[in-house]
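The numbering used here puts the first residue of the sequence shown at 50, with every later residue one more than the last.
Just so you know, even glycine gets a beta-carbon here, dropped at the ideal spot from N, CA and C.
Right, one structure below, let's go through it.
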Amino acid sequence: MQKILVARPIFPDVIERLKQYFDVDWNQGEVLSAQELTRRLADKDGALTAGDPVGPAVLAAAPRLRVVSNMAVGYNNFDMAAFNAANVLGTNTPDVLNESTADFGWALMMAAARRIAESEHWLRAGQWRKWTYDGFLGTDLYGSTLGVLGMGRIGQALARRAKGFNMQVIYHNRSRVAPEIEAELNAQYVSKQDLLRRADHVVLVLPYTKENHHTIGAAELAQMKPTATLTNIARGGIVDDAALVEALRTGKIAAAGLDVFEGEPNLNPALLTVPNVVLTPHIASATEATRRAMANLAADNLIAALGKGPRAGRPPNPINPEVIGKARS
Ligand code: GLV
């Protein structure tokens, strides 16, 4: 029987599905260190990860490994050059999380714009003595301009929701989306600079790549309106967190909502000292239904990639399909 590692605690019924096909080594404890991950992968044919870094050293130490299935749409934890060199397949879980993640982007953006977390902390701290007309004044979403940086599937789902808020949608992306999608979303393609200057609410929904490192830094924050909000539901490292702290402190922008951080789960401690930022622990796709769909899709990918199940040899979400059928190197 082929052996797999499931590197994270996931739904037990998904583990049961995997056990129909494989001998399963399931980590139900803490996140595995690089050393422990490497050790446990040494005799495995496949793995199910969720953000665990997999690079050349891990692959070299796991000569039987044919596939690593990431339970996430983003796969910046995979060194894809190393996967390609070793003929190891990587898979991810796109689409099933689009709507939950877009919902959450709105939740964070609204919380930042309307100072929900900040005022709630103040209330919990027992500081509410009387109602005042100027307490926690925020910025409107209705009728404002939404700037979406990264117009992929999640960006589009997010933009689709803007209609009910009567918002003007502007976006920037590596490439322009199809005219019919622009028309459906009523979205206008603009330069990154225009987006930063014009948007009342900027939301980041782009993948993390080397090129996107610190896409939003001090220079970009300086271009934004002092009344604007910035929401990051994409990846840590896209925003320069130290520069963001400074911009929030000095009023370069009004507020921010962050679900992802540089070096998470260890965040820049200065973020905890600024009131005008809403912080959540990377939970944008975390609904019961969506996490279940992601876990099942990650299992489907693993089962199919290892030649089992109804889609044997045809995993639904290959990242590097060119290695399928090639001998491991
Ligand atoms: C979560 O961050 C994902 O990439 O799915």
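**Request:** Counting only the same chain and skipping the five closest in sequence on each side, list residues whose C-beta sits under 8 Å from that of ASP349.
**Result:** In the sequence shown, the residue the question calls residue 349 occupies position 300. Here the set comprises GLY358, ARG360, PRO364, PRO365.
**Item:** LEU138 versus ARG225: straight-line alpha-carbon distance, rounded
**Value:** In the sequence shown, residue 138 corresponds to position 89, counting from 1. In the sequence shown, residue 225 corresponds to position 176, counting from 1. Each residue's alpha carbon lies about 29 Å from the other.
**Asked** From ALA211 to PRO112, what does the alpha carbon distance come to, in whole angstroms?
**Response** Indexing the sequence shown from 1 puts residue 211 at position 162. Indexing the sequence shown from 1 puts residue 112 at position 63. Rounded to the nearest angstrom, the two C-alpha atoms are 49 Å apart.
**Prompt:** When we look at the beta-carbon of GLN205 and count the other beta-carbons within 10 Å, is it buried (16 or more) or exposed?
**Reply:** Position 156 of the sequence shown, counting from 1, holds the residue named residue 205. The residue is buried, with at least 16 neighbouring Cβ atoms inside 10 Å.
**Prompt:** Helix or strand or just coil, what does DSSP make of ILE287?
**Reply:** Your numbering for residue 287 matches position 238 in the sequence shown. Residue state, collapsed to three classes: coil.
**Prompt:** Cβ of LEU146 versus every heavy atom of the ligand FMN: is any distance shorter than 7 Å?
**Reply:** Within the structure as shown, the ligand FMN is missing, the only ligands being the ligand GLV.
**Asked** What is the chain-ordered set of residues for which the beta carbon lies under 5 Å from any non-hydrogen atom of the ligand GLV?
**Response** This criterion selects ALA121, VAL122, GLY123.
**Item:** Spatially closest choice to ALA131 from THR142, MET120, VAL55, ARG115, by CA coordinates
**Value:** Translated into positions along the sequence shown, residue 131 becomes position 82. Checked all of THR142, MET120, VAL55, ARG115; the closest Cα to ALA131 is ARG115.
**Item:** Residue from PRO228, GLU260, PRO275, THR258 whose Cα sits closest to the Cα of VAL251
**Value:** Numbered from 1 along the sequence shown, position 202 holds the residue referred to as residue 251. VAL251 has its Cα closest to that of PRO275, out of PRO228, GLU260, PRO275, THR258.
**Request:** If I'm right that VAL103 touches ASN126 with Cβ under 8 Å, what's the distance once you round it to whole angstroms?
**Result:** Numbered from 1 along the sequence shown, position 54 holds the residue referred to as residue 103. Numbered from 1 along the sequence shown, position 77 holds the residue referred to as residue 126. Sure, about 7 Å apart at Cβ, within 8 Å.
**Message:** Would THR140 and VAL122 qualify as a contact pair, given that the criterion is a beta-carbon distance under 8 Å?
**Reply:** Numbered from its first residue, the sequence shown carries residue 140 at position 91. Numbered from its first residue, the sequence shown carries residue 122 at position 73. No; because the gap between Cβ atoms is not below 8 Å, this pair is not in contact.
**Request:** Can you give me the Cβ contacts of ASN133 inside the same chain, cut-off strictly under 7 Å, excluding the 5 residues immediately before and after it?
**Result:** On the sequence shown, position 84 is the one that residue 133 refers to. A distance below 7 Å between beta-carbons, with the five flanking residues on each side excluded, links ASN133 to the following residues of its chain, in chain order: ASN369, VAL372.
**Request:** Report back the beta-carbon spacing between ILE203 and THR150 to the nearest angstrom; my notes put them in contact at under 8 Å.
**Result:** Counting from 1 along the sequence shown, the entry for residue 203 is found at position 154. Counting from 1 along the sequence shown, the entry for residue 150 is found at position 101. In this structure, ILE203 and THR150 form a Cβ contact; the two beta carbons are roughly 5 Å apart against a cut-off of 8 Å.
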